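J.:
Numbering (full-length UniProt numbering), first residue to last: 1 to 68.
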C-alpha cells in the first residue's frame with residue numbers, strides 16, 4: 001500500500017468548528033481523501049489530527065511505500 005503525501009507550501013488557519021485542519025508551511029500531510037468539491041483535500045498531520053485544507057496550499061511529494 002502506498003500513502004499519498006503532500007507538503008504544505010503556505011500556512012492555513014482553520015476556522016473553529018468547520019472540520020478544517022490548520023497547516024503550517026513545510027508540514028507533511030497524509031491524504032485521506034482528495035478531489036473534494038471546491039478545491040479541498042482531507043488529510044492527517046503527524047500529530048494524528050484530521051481535517052480539510054485547500055488543495056492550492058500544498059504540493060504532492062513522492063509516495064511512501066508501506067510494508068505490512
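Virtual Cβ for every residue (Gly too), placed ideally from N, Cα, C.
Since this is a predicted model, take the numbers as computed values, not measurements.
(1) Excluding the five sequence neighbours on either side, which residues of its own chain have a C-beta within less than 8 Å of the C-beta of residue 59, listed in chain order?
(2) Around the Cβ of residue 61, are there at least 16 other Cβ atoms within 10 angstroms (buried) or fewer (exposed)?
(3) Can you tell me whether DSSP reads residue 55 as helix, strand or coil?
(4) Considering only C-alpha positions, which residue in the set 16, 13 and 55 is nearest to residue 36?
(5) Label residue 50 either buried or exposed according to how many other C-beta atoms from any shown protein chain fall within 10 Å of its C-beta, with 16 as the threshold for buried.
T.: Taking the definition as stated:
(1) Here the question's residue 59 lines up with position 59 in the chain shown. Result list for residue 59: 6, 7 and 9, in chain order.
(2) On the chain shown, residue 61 is found 61 positions in, with the first residue counted as 1. Classification for residue 61: exposed.
(3) Position 55 of the chain shown, counting from 1, holds the residue named residue 55. In this structure, residue 55 counts as helix in the three-state DSSP scheme.
(4) For the purposes of this step, residue 36 is taken as residue 36 along the chain shown, with counting starting at 1. Cα-wise, what sits closest to residue 36 is 55.
(5) By one-based count along the chain shown, residue 50 stands at place 50. Answer is exposed; the Cβ neighbour count stays below 16.
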